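Let me begin by presenting the structure, written as structure tokens, before commenting on it.
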Amino acid sequence: MDPWKTQLSQYVTAATYDTLTHLDADGTVVPWLATSWDYSDSKTLVMELRTDVVFTDGASFDAETVKANIEYAKSVSPSNVAAAPYLSYIQSVDVVSKSKVRFNLTSPQPDLPYGFSQQAGWMISPTALKNPSTLADTAVGSGPYILDKSGTTQNKTYTFTQNKKYWATAAQWPRFEKLVVQLMADPTATDNAARGGQIDYTIVSAGTEINGWKIAQGSASAFFGFTIFDTKGEINKPLGDVRVRQAMNYAIDRKAILKSVLAGQGVTNASTPFGPDSLGYSQSIDSYYTYDVAKAKQLLRQAGYPNGFSVKVVNNPQWDQMAQALAGYLRKVGIDVQLSNHGDDFVQQTNSGKWAMSTCLLSVTGLPYSDITFAMTKKSAMNPLGNSNATVNALLAKAVSAEGAEQKRLYAQLAETAAEQAWYVIPALSSQLHGYNPDVVKVVEPDRAGAPMLYHLTPVGS
């Protein structure tokens with residue numbers, strides 16, 4: 011339950027811990043524990059903080075708390091992999107005053123306030139951080155709920171009651187009298203629980219219909235398919251040739267995969283972390299990589315592989331349907347994809363540097379600076395071989411200080427460069443369905459988010 015480590019569920023964490031910022035319904039970053047912020051220069055972010063926040067153990071929230079949390083988060087192992095990309099930019103944290111903190115960055119990161127609304131923004135009591143091992147099965151936050159251990163079974167059911175001393179008013183965050191988060195791995199069991207009235211909100215699979223429930227679709231924000239680690243051809247020589255990587259993209263039928271594997275949930279994509287909501291996105295990107303087997307074979311011949319080649323891909327069994335679909339298309343042009351399933355050690359395997367390719371599922375925020383940085387630079391979580399591209403790096407450096415039409419133009423160039431370099435074989439940006447009982451829970455559907463945050467779920471009538 012330590013939010014700075016790999017988590018059971020974001021809803022479990024959000025029940026008891028606050029983040030520095032929140033996301034509004036339109037995807038705008040808004041104040042929460044931090045009341046305002048400003049970049050004094052491209053590598054210095056200063057935040058003003060609330061002064062009325064108290065943790066459940068009585069400790070006060072202040073700038074020292076922020077410093078302690080960030081330093082702990084950057085050192086802890088195993089780390090929260092979703093937080094790590096943003097935290098990697100923070101070189102040090104300075105306490106300016108009790109209510110003001112300064113983040114000194116290694117390089118520009120204009121989207122850090124957004125990161126603080128996500129996994130990189132959790133705040134734990136500074137007292138609890140002195141003995142972090144206790145956080146494994148308890149929670150010491152300043153959040154809206156308190157863990158009820160009598161109603162909690164580890165790794166199965168977590169029960170929470172209202173934090174009566176919560177700093178935010180009911181108008182700021184209307185809360186349930188009791189909140190129960192159930193961890194259910196079996197979709198059939200989840201559907202049955204929903205139909206039986208045992209749960210009121212859940213992620214659902216395509217085609218799900220529950221009497222009296224509303225089914226809604228989140229933004230297309232999941233970058234789902236294959237990632238090519240070995241763009242230099244050090245492990246698998248053919249992958250070092252951009253023509254080979256482009257051939258792999260011509261070889262797949264994006265529309266068919268969107269329909270058959272993703273049940274139509276999402277939008278086709280030319281293997282770039284740019285979606286329709288991203289700044290710089292244009293429909294011209296969609297013209298890249300139409301399904302063309304002849305073109306794929308032609309590029310393989312030009313690269314010197316007329317008979318194709320074989321490649322081993324580390325695969326997460328949970329994503330096997332997508333992996334099998336992509337592998338099937340690639341085999342049709344002579345690329346023998348050998349999937350190697352790894353469940354519990356998938357993250358360790360992908361980080362080992364021993365694999366040329368992997369299945370991947372990354373989130374896309376619609377913020378192109380971060381999306382490109384976390385997908386195609388050395389800061390990418392899916393880049394164990396430390397690849398980089400000079401054009402991508404140069405465009406990012408220009409875009410971070412540009413504004414308006416010029417910035418949009420630079421991001422459009424980045425999208426085209428990403429497609430041309432073909433570090434990924436991504437057929438679509440997929441979206442997730444969630445369902446809920448509208449008699450019990452009111453749901454705000456936020457823009458640029460795969461699913462609502464906990465604070466987007468409030469009691470009906472509130």
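Residue numbering for the sequence shown follows the working numbering, starting at 11 and increasing by one per position.
Backbone N, C-alpha and C define an ideal beta-carbon position, used for all residues, glycine too.
Since this is a predicted model, take the numbers as computed values, not measurements.
- Query: In three-state DSSP terms, what is Gly460?
  - Reply: Numbered from 1 along the sequence shown, position 450 holds the residue referred to as residue 460. Three-state result, Gly460: coil.
- Among Asp34, Tyr27, Ala204 and Gly222, which has the Cα closest to the Cα of Thr148? Locating residue 148 in the sequence shown gives position 138, where the first residue counts as 1. Nearest of Asp34, Tyr27, Ala204 and Gly222 to Thr148, Cα basis: Tyr27.
- Going by other Cβ atoms of all chains shown within 10 Å of its Cβ, with 16 needed for buried, is Ala385 buried or exposed? Here the question's residue 385 lines up with position 375 in the sequence shown. Ala385 is buried by the Cβ-count criterion.
- Give every residue of the same chain whose Cβ lies closer than 8 Å to the Cβ of Val91, excluding the five residues on either side of it in the sequence, and list them in chain order. The count along the sequence shown starts at 1 and reaches residue 91 at position 81. These residues qualify, in order along the chain: Thr16, Val357 and Ala391.
- Query: DSSP three-state call for Asp48: helix, strand or coil?
  - Reply: Position 38 of the sequence shown, counting from 1, holds the residue named residue 48. The answer is strand: DSSP assigns Asp48 an E or B state.
- So Thr169 is in the beta strand (DSSP E); what residue range does that whole segment cover? To locate residue 169, count along the sequence shown from 1; it is residue 159. Residues Thr167 to Gln172.
- Query: If you scan the stretch 168 to 217 from start to end, which runs of the beta strand (DSSP E) of 3 or more residues do you find wholly inside it?
  - Reply: The qualifying runs are 188 to 192 and 211 to 214.
- Task: Give a yes or no on whether the C-beta atoms belonging to Asp62 and Ala138 are separated by under 8 Å.
- Result: For this step, residue 62 is matched to residue 52 along the sequence shown. For this step, residue 138 is matched to residue 128 along the sequence shown. Going by C-beta atoms, Asp62 is not nearer than 8 Å to Ala138.
- Message: Could you check whether the stretch 294 to 301 touches the stretch 226 to 233, counting it as contact only if at least three pairs of C-beta atoms, one from each stretch, sit closer than 8 Å?
- Response: no
- Query: In angstroms, rounded to a whole number, what distance separates the CA positions of Ser160 and Phe65?
  - Reply: Here the question's residue 160 lines up with position 150 in the sequence shown. Here the question's residue 65 lines up with position 55 in the sequence shown. The alpha-carbon atoms of Ser160 and Phe65 are separated by roughly 21 Å.
- Task: Could you round the C-beta distance between Gly235 and Leu336 to whole angstroms and report it? I think they count as a contact, below 8 Å.
- Result: Position 225 of the sequence shown holds residue 235. Position 326 of the sequence shown holds residue 336. Rounded, the Cβ-Cβ distance is 6 Å, consistent with contact.
- Closest Cα partner of Leu193 within the set Ile213, Lys175 and Ala178: Walking along the sequence shown from the start, residue 193 turns up at place 183. Ranked by Cα distance from Leu193, the first of Ile213, Lys175 and Ala178 is Ile213.
- Message: Using only the alpha-carbon positions, how far apart do Tyr96 and Val39 sit?
- Response: Taking the sequence shown and counting its residues from 1, the one referred to as residue 96 is at position 86. Taking the sequence shown and counting its residues from 1, the one referred to as residue 39 is at position 29. Straight-line Cα distance between these residues: approximately 15 Å.
- Message: Using CA atoms only, rank isn't needed, just tell me which of Asn325, Ile262, Ser107 and Ala78 is closest to Asn141.
- Response: The sequence position of residue 141 within the sequence shown is 131, counting from 1. Taking only the C-alpha atoms, the option nearest Asn141 is Ala78.
- Determine which residues share a DSSP beta bridge with Ala232 and list them. Numbered from 1 along the sequence shown, position 222 holds the residue referred to as residue 232. Looking at the DSSP assignment, Ala232 forms a beta bridge with Ser373 and Ser440.
- For Phe319, three-class secondary structure by DSSP: Position 309 of the sequence shown, counted from the start, is the residue given in the question as residue 319. Of the three classes helix, strand and coil, the one that applies to Phe319 here is strand, per DSSP.
- Task: Measure the CB-CB distance between Tyr21 and Thr237 and report whether it falls below 8 Å.
- Result: Counting from one through the sequence shown, the residue named residue 21 turns up at place 11. Counting from one through the sequence shown, the residue named residue 237 turns up at place 227. In this structure, Thr237 does not lie closer than 8 Å to Tyr21 by Cβ.
- Message: Does Gln129 pass the burial test, meaning 16 or more other C-beta atoms within 10 Å, or should it be called exposed?
- Response: On the sequence shown, residue 129 is found 119 positions in, with the first residue counted as 1. Buried, by the Cβ-count rule.
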